[in-house]
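Peer 1: Protein sequences, first through last, are from chains A and B.
The first sequence finishes on residue 105 if you use the UniProt record's numbering, and the numbering steps up by one all the way, no holes.
The second sequence finishes on residue 105 if you use the UniProt record's numbering, and the numbering steps up by one all the way, no holes.
All residues carry an ideal CB built from backbone N, CA and C; glycine is no exception.
Predicted, not measured: the structure shown is a model, and the values here were computed from it.
Input: one structure, supplied below.
There are 2 protein chains.
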Amino acid sequence: MAGFKHLVVAKFKEGVVVEDLLKGMEKLVSEVDVVKSFEWGEDIESLEMLRQGFTHAFVMTFKNKEDFTAFLSHPKHVEFSTTFSAVIEKIVVLDFPVVLAKAPA
Amino acid sequence: MAGFKHLVVAKFKEGVVVEDLLKGMEKLVSEVDVVKSFEWGEDIESLEMLRQGFTHAFVMTFKNKEDFTAFLSHPKHVEFSTTFSAVIEKIVVLDFPVVLAKAPA
């Protein structure tokens, strides 16, 4: 599946418990069918010069752009976005059709 | 495969031909065995407020952190990094063990 990706790179405000936020995010993706897969990670290796203060990446994959658009306006996503916006210090979001240039063996 | 990801979010300098750069990147990942998969995309949907000027995301997946570390010091990666550094206006890099919270069906 190449599909369409919603990539969020974030730095959270001081004191934010990311585990609690992740529970909400996992609940969201489990309840919304158009989210085909959800992966996330916390940076452990990048140089501060390259990381620019960001700590977490979240990647959701959809079948196509239409499914992603449906997700954006889904009430559960709208609700979660409000929670998420309140705890981030900075963010970068990219939404793109995926080009799979080297496929897993 | 959950694995370990190397995520690069970039904005290129004006006039850079991203297609040429991608050819170099595809050659690199095809020649270096530890790169298990390589996906990329150009943002088409995000709001400028969220995109922050960034236009492209590149995601390489490795079996584990050790393979990623081997990639970093691989002569072909070192060589390509020099080329890449010369054409970017800004960059965010995150390197993280992947948590697969919702797996593709």
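Output needed for Val16(A): all residues of its chain with C-beta closer than 7 Å, excluding positions within five of it in sequence on either side, in chain order.
Peer 2: Around Val16(A): Val87.
Peer 1: Going by the beta-carbon positions, is the gap between Thr61(A) and Ser85(A) smaller than 8 Å?
Peer 2: Cβ distance not < 8 Å, so Thr61(A) and Ser85(A) don't count as in contact.
Peer 1: Going by C-alpha to C-alpha distance, which of Val78(A), Val9(A), Gly3(A), Ser73(A) sits closest to Trp40(A)?
Peer 2: Minimum Cα distance to Trp40(A) is reached at Val9(A).
Peer 1: Go to Ser37(B), then tell me how far its beta strand (DSSP E) extends in each direction, as first and last residue.
Peer 2: It spans 37–42 - the beta strand (DSSP E) in which Ser37(B) sits, taken as one unbroken run.
Peer 1: Distance check for Arg51(A) and Lys11(A), CA to CA, integer angstroms please.
Peer 2: Roughly 10 Å between the two C-alpha positions.
Peer 1: Output yes or no for whether 8 Å exceeds the beta carbon distance between Lys102(B) and Val29(A).
Peer 2: Taking 8 Å as the Cβ cut-off, Lys102(B) and Val29(A) qualify as a contacting pair.
Peer 1: When you compare only the Cα positions, how much space is there between Val92(B) and Glu48(B)?
Peer 2: Approximately 16 Å, taken between the alpha carbons.
Peer 1: Let me check one thing: in DSSP terms, what residues is Pro97(A) bridge-paired to?
Peer 2: Note: Pro97(A) sits in a beta bridge opposite Phe4(A).
Peer 1: Secondary structure at Lys102(A), three-state DSSP: helix, strand or coil?
Peer 2: It is a strand residue.
Peer 1: Would you report the Cα separation of Leu94(B) and Asp67(A), rounded to the nearest angstrom?
Peer 2: So the two alpha carbons sit approximately 27 Å from each other.
Peer 1: For the stretch 16–32 of chain B, which residues have a beta carbon sitting closer than 8 Å to at least one beta carbon of chain A?
Peer 2: Cβ contacts with chain A: Leu22, Met25, Glu26, Val29, Ser30.
Peer 1: Along the stretch 75–103 of chain A, where does the CB come closer than 7 Å to a CB of chain B? Name the residues.
Peer 2: So the close ones are Ile91, Val92, Val93, Leu94, Asp95, Phe96, Pro97, Val98, Val99, Leu100, Ala101, Lys102, Ala103.
Peer 1: Using a 10 Å radius around the Cβ and a threshold of 16 neighbouring Cβ atoms, would you call Ser46(B) buried or exposed?
Peer 2: Buried, since its Cβ has 16 or more Cβ neighbours within 10 Å.
Peer 1: Return the first residue and the last residue of the alpha helix (DSSP H) that Val32(B) is part of.
Peer 2: Careful: Val32(B) lies outside any alpha helix (DSSP H) and carries neither H nor E.
Peer 1: Determine whether the Cβ of Lys5(A) lies closer than 8 Å to any Cβ atom of chain B.
Peer 2: Cβ-Cβ to chain B under 8 Å: yes for Lys5(A).
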